[in-house]
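Protein chains in written order, with our numbering: chain A, 8 to 473; chain B, 15 to 260. Input: a single structure, listed below in structure tokens.
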Amino acid sequence: MNHATRADKFLLDADRTTWHDETLWFVREKRDRAVYAVPEFQELRELASGIKDHTLSRLDLYLREFEAAAQANGVHVHWAADAAEHNAIILDIIRQQGATRIVKSKSMLTEECHLNPYLIKHGIEVVDTDLGERIIQFREEAPSHIVLPAIHLKKEDVGETFHIHLGTEKGESDPQRLTEAARQHLRAKFLAGQVAISGVNFAVAETGGVVVCTNEGNADLGVNLAAVHIACMGIEKIIPRLTDLGVFTRLLARSATGQPVTTYTSHFTKPLPGREMHIVIVDNGRTQQLGRPDFRASLKCIRCGACMNTCPVYRRSGGHSYDFTVPGPIGAILSPNIDMKKHSSLPFASTLCGSCTDVCPVKIDIHTQLYKWRQVLGEANEIPASKKWSMKFMGRVLASTRVYGLGGQFARRALRLLPHSLTHAKSMNAWAVARELPEAPRQSFREWYAKQPQPVSSPPQPKVPA
Amino acid sequence: MKVALFVPCYIDQFYPQVGVATLQLLEKLGVTAHFPAQQTCCGQPLANSGCEHDALPIYKHFVETFRDYDYVVAPSGSCVYHVRKHFDKLDQTADVQHVRGSAYDLIDFISTVLKVEALPGAFPHKVGLHLSCHGQRGLHQANESEMTPVRDGQLRRLLASLDGIELTNLNRNDECCGFGGTFCVSEAAISARMGQDRVADHVLNGTQVLTGSDMSCLMHLEGIVRRARLPIKVMHAAEILNGLTA
């Protein structure tokens with residue numbers, strides 16, 4: 008199944024599509040207002056982009072600096088080449104503690120590694136403590152957005168879910184009451200948590216510390232109550248110095264939700280006496296992406312989700328239509344690196360309007376990379392055969408003035424003569440499902456031009472080839 | 015100044031009047047543009063479909079056609095953007111570099127090269143301006159809502175100079191219309207929905223004439239307007255600026 012097929016399903020519910028589009032557009036507008044209020048915002052983007060480019064250019068050195076600094080702080084540092092290693096390392100740490108109850112705050116990396124099902128399979132209870140994450144965990148769904156994981160759900164959907172899982176009254180849809188029910192439920196889980204797993208927004212090479220940005224404070228509560236903290240990070244989360252952090256925290260929340268800063272920006276540097284802190288540093292395909300010059304810059308992503316909120320396709324197809332951990336435009340340039348065949352339709356799920364590139368706080372050239380992935384997929388024969396052959400045919404036609412002219416005449420005549428029911432048959436013409444074709448004129452521009460008196464100024468003489 | 019007119023393939027075949035208006039408008043501004051008859055297309059439909067390799071002969075044909083002119087002017091920012099940005103796939107000979115640098119969208123040419131900021135004439139209608147992404151974000155012909163709340167741009171200024179015109183204040187000033195080249199058929203449902211949403215914004219805010227400088231977006235929006243039988247007329251900006259009445 009490709010993106011278009013999944014999008015078709017989403018679009019069947021027109022009212023819900025409107026609601027989804029407007030909800031995310033509201034976030035985009037909030038982001039705009041926050042951005043307009045900072046006169047130096049574009050300079051901040053430039054700076055952030057430069058810091059990320061620099062860091063990626065010597066990532067190995069910064070990762071080792073980070074490891075040494077973290078170890079000096081008494082933190083255990085683990086390296087995982089892929090998702091399987093990441094999951095095994097975490098299970099190992101949990102088992103060494105004899106723990107069975109895990110609280111987890113938001114981490115797209117653990118989603119990417121499918122950590123939850125892995126731990127559950129091994130008899131571990133893992134509770135997502137971010138409200139949106141907890142909702143979709145109850146529903147056994149994947150997040151549909153990296154910052155707003157349950158944005159595809161309405162409050163009535165949440166009410167239904169909580170009625171089943173938390174025993175709230177049937178039909179309850181008051182956000183305040185539903186949140187209170189989740190709060191009471193999660194409090195018990197927090198208090199019982201033995202190991203806390205968190206993601207990482209930024210890892211500072213110079214200090215060996217990690218920074219986690221949340222709005223609910225759930226990472227702090229989980230980590231401070233549990234005896235052991237495991238922070239999971241991709242290798243690209245590194246920034247060189249603590250002084251660089253301010254550039255990113257000023258950009259992150261404004262780009263994500265239009266807030267000046269996330270409610271909590273928590274620094275975790277060393278464990279309390281008698282406690283343990285682990286950091287798992289994961290590659291899982293990132294080195295491969297780093298080795299692709301055209302796509303390297305995708306690793307600059309700070310996971311703000313602004314490209315999703317602005318994307319007119321994402322807003323009308325929903326996050327699940329991408330069928331990848333990270334949906335939207337950024338997901339469409341990250342996913343082919345992981346599995347080119349499976350995700351071959353994603354770089355085509357875009358009009359290349361470029362809005363994603365313009366909101367990206369670290370200036371990733373997202374729409375250019377979408378275009379470039381299309382070429383890679385075309386070369387690798389990962390585009391539909393019908394498209395490939397029609398494009399080859401079109402290439403022949405358009406490279407020849409004569410063939411093009413004749414073809415145009417034929418097509419226009421056919422459009423004029425054939426009945427509307429045939430030219431607009433929905434089964435054969437995807438254009439005509441919702442649109443009329445242009446009315447075919449009797450003569451093309453070139454036919455008209457040929458009949459005009461020659462222009463006053465004569466055309467330039469062709470150069471004589473050297 | 016030797017100026018060539020590039021009339022993109024779909025305009026040539028379906029909207030000859032836009033080519034005519036472009037030619038006549040340039041003539042009024044003192045520029046006699048020549049239409050080299052061997053021209054076909056910029057190759058964008060193939061390249062956007064992932065078949066850049068198959069487009070290379072079209073690129074070469076384009077460069078050969080237009081290399082002897084000082085400027086190549088087209089009533090379509092998207093094609094111009096493609097020539098400027100994606101002809102980097104060709105060996106960068108002097109001809110290729112020259113053609114890439116001399117390709118201009120009509121409105122950009124009028125504003126930047128001819129430095130014309132106002133035009134005579136009247137157009138007493140409520141006009142909705144559709145900003146095409148490739149002209150706006152790609153060629154920087156208009157401000158972007160991602161950067162600034164100020165709605166300004168080359169075409170907006172030219173249109174505003176006409177007597178009696180009123181520009182529609184859209185809820186979403188620069189959201190993509192959903193055409194997207196082959197996207198319009200490979201992701202037909204989303205493409206249509208995006209177009210319907212764009213048109214609805216115009217209907218809501220009172221647009222009588224919907225215009226823009228890129229005929230490809232307008233072809234898609236016109237298809238939606240006509241299917242829904244809405245009382246909106248779709249015209250290329252060249253037709254309005256050339257003095258055509260609605």
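Cβ coordinates follow ideal geometry from the N, Cα and C atoms, glycine included. Here the structure is a predicted model, which means the values were calculated and not measured.
Taking the alpha-carbon of residue i as reference, which of the options has the nearest alpha-carbon?
i: GLY115 of chain B; options: B:ASN187, B:CYS190, B:VAL87 and B:MET249; result: B:VAL87
i: ASN212 of chain A; options: A:ARG40, A:ILE97, A:GLY385 and A:ASP67; result: The sequence as given places Ala at residue 212 of chain A; Asn does not occur at that position. The residue with the shortest Cα to Cα distance from ALA212 of chain A is A:ASP67.
i: ARG442 of chain A; options: B:LEU258, B:ARG241 and B:GLY257; result: B:ARG241
i: LEU18 of chain A; options: A:ASP181, A:ASN208, A:PRO319 and A:ALA77; result: A:PRO319
i: ALA203 of chain B; options: A:THR175, A:LYS16 and A:PRO182; result: A:LYS16
i: MET229 of chain B; options: B:PRO22, B:PRO134, B:ARG207 and B:GLN111; result: B:PRO22
i: LYS59 of chain A; options: A:LEU297, A:ASP181 and A:ALA44; result: A:LEU297
i: GLY91 of chain B; options: B:LEU258, B:ALA252 and B:THR259; result: B:ALA252
i: GLN27 of chain B; options: A:HIS431, A:ASN436 and A:ARG420; result: A:ARG420
i: CYS55 of chain B; options: B:SER63, B:PHE49, B:MET249 and B:TYR24; result: B:TYR24
i: TYR456 of chain A; options: B:ASP188, B:HIS48, B:LYS42 and B:LYS129; result: B:HIS48
i: ASN80 of chain A; options: A:PHE275, A:GLN104, A:MET315 and A:ARG299; result: A:PHE275
i: HIS75 of chain B; options: A:THR408, A:CYS220, A:ARG52 and A:GLY415; result: A:THR408
i: ILE337 of chain A; options: A:ARG323, A:SER434 and A:THR364; result: A:THR364
i: GLY209 of chain B; options: B:CYS198, B:GLY192 and B:VAL199; result: B:GLY192
i: ARG151 of chain B; options: B:LYS99, B:LEU60 and B:LEU43; result: B:LYS99
Would the C-beta of residue i count as close to the ligand ATP, meaning under 7 Å from any of its heavy atoms?
i: LEU184 of chain B; result: Summarising the ligand content, the structure contains no ligands, and the ligand ATP is consequently not present.
Name the chain B residues whose beta carbon is nearer than 7 Å to that of residue i?
i: GLU283 of chain A; result: Near GLU283 of chain A there are no residues of chain B at all, since even the closest Cβ is about 44 Å away, more than 7 Å.
i: TYR456 of chain A; result: PHE49
i: ASP15 of chain A; result: ALA203
i: LYS395 of chain A; result: CYS65
i: LYS307 of chain A; result: What LYS307 of chain A touches in chain B: nothing, since even the nearest Cβ is about 18 Å away.
i: MET398 of chain A; result: LEU60, SER63, CYS65 and ASP68
i: GLU167 of chain A; result: Result: empty, since nearest Cβ-Cβ is about 27 Å, beyond 7 Å.
i: GLU443 of chain A; result: GLY237, ARG240 and ARG241
i: GLN382 of chain A; result: GLY64 and GLU66
Residues bridged to residue i by DSSP?
i: PRO241 of chain A; result: The sequence shown places Gly at residue 241 of chain A, rather than the Pro named in the question. Answer by DSSP bridge pairing, in chain order: A:VAL289.
i: ALA88 of chain B; result: B:ASP119
i: PHE275 of chain A; result: A:VAL217
i: LEU306 of chain A; result: DSSP output for LEU306 of chain A lists no bridge partner at all.
i: ASP22 of chain A; result: Paired residue(s): none; ASP22 of chain A is not in a bridge.
i: MET8 of chain A; result: MET8 of chain A is not bridged to any residue.
i: ILE246 of chain A; result: A:VAL211
i: VAL82 of chain A; result: Per DSSP, none; premise fails for VAL82 of chain A.
i: LEU19 of chain B; result: B:VAL87
List, in chain order, every chain A residue whose beta-carbon is nearer than 9 Å to that of residue i.
i: CYS93 of chain B; result: The contacting residues do not exist; CYS93 of chain B stays about 12 Å from chain A at best.
i: HIS75 of chain B; result: LEU405, ALA406, SER407 and THR408
Which chain B residues sit within Cβ distance under 8 Å of residue i?
i: TRP438 of chain A; result: CYS198, VAL199, ALA202 and GLY237
i: GLY385 of chain A; result: SER63, GLY64, CYS65, GLU66 and HIS67
i: LEU18 of chain A; result: ALA203, ILE204 and ARG207
Which residues in chain A have a C-beta closer than 8 Å to the C-beta of residue i? List them in chain order.
i: PHE193 of chain B; result: THR358
i: ASP26 of chain B; result: GLY415, SER451, PHE452 and ARG453
i: ILE72 of chain B; result: GLY402, LEU405 and ALA406
What does residue i touch in chain A if you count any residue whose Cβ is under 7 Å from its own?
i: ALA69 of chain B; result: GLY402
i: GLN52 of chain B; result: THR408
i: VAL113 of chain B; result: Here the premise fails: no neighbours, minimum Cβ distance about 13 Å.
Taking residue i as the query, report the chain B residues whose CB atoms sit under 9 Å from its CB, ordered along the chain.
i: THR250 of chain A; result: Going along chain B, no residue has its Cβ under 9 Å from THR250 of chain A, so there is no contact; the nearest lies around 27 Å.
i: ALA447 of chain A; result: GLN27 and PHE28
i: ILE390 of chain A; result: SER63, GLY64 and CYS65
Chain A contacts made by the region 201-233 of chain B, where a contact means CB separation under 8 Å
GLU201, ALA202, ALA203, ILE204, SER205, ALA206, ARG207, MET208, GLY209, GLN210, ASP211 and MET233
Chain A contacts made by the region 130-149 of chain B, where a contact means CB separation under 7 Å:
CYS147
Closer than 8 Å, Cβ to Cβ, to anything on chain A: give me those residues from the region 153-171 of chain B, in chain order.
GLU158, SER159, GLU160, MET161, THR162 and PRO163
Ranges of the beta strand (DSSP E) found wholly within the region 101-129 of chain A, counting only runs of at least 3:
108-111
Of the residues that make up the region 318-329 of chain A, which ones have a beta carbon closer than 8 Å to any beta carbon in chain B?
PRO319, VAL320, ARG323 and SER324
What are the uninterrupted segments assigned as beta strand (DSSP E) that are 3 or more residues long and contained completely in the region 161-219 of chain A, given in chain order?
202-205 and 209-211
Residues of the region 31-44 of chain B with a CB closer than 7 Å to any CB of chain A: list them in chain order, please.
GLY33 and VAL34
Residues of the region 333-367 of chain A whose Cβ lies closer than 9 Å to any Cβ of chain B, in chain order:
SER352, PRO354, PHE355, ALA356, SER357, THR358, LEU359, CYS360, GLY361, SER362, THR364, ASP365 and VAL366
Could you run through the region 144-163 of chain A and flag, in chain order, every residue whose CB is less than 7 Å away from some CB of chain D?
The chain labelled as chain D is not found among the protein chains of the depicted structure, namely A and B.
Could you name each continuous alpha helix (DSSP H) segment of 4 residues or more that falls completely within the region 175-248 of chain B, going from the start of the chain to the end?
197-200, 202-218 and 229-241
Output, in sequence order along the chain, the residues in the region 77-105 of chain B whose CB is closer than 7 Å to any CB in chain A.
ASP82 and TYR83
Only counting runs of 3 or more residues, tell me where the beta strand (DSSP E) segments fall wholly within the region 119-149 of chain B, in order along the chain.
140-143
Given a limit of 7 Å on CB to CB distance, which residues of the region 176-189 of chain B reach chain A?
GLU189
Could you name each continuous alpha helix (DSSP H) segment of 4 residues or more that falls completely within the region 374-423 of chain A, going from the start of the chain to the end?
392-405
Against chain B: residues of the region 85-109 of chain A by CB proximity under 7 Å:
none
Entirely enclosed alpha helix (DSSP H) segments - the region 325-353 of chain A, minimum 4 residues
335-345
Segments of 4+ residues assigned as alpha helix (DSSP H) that fall wholly inside the region 40-92 of chain B
58-62 and 66-80
If contact means a Cβ-Cβ distance below 8 Å, which residues of the region 62-80 of chain A contact chain B?
none
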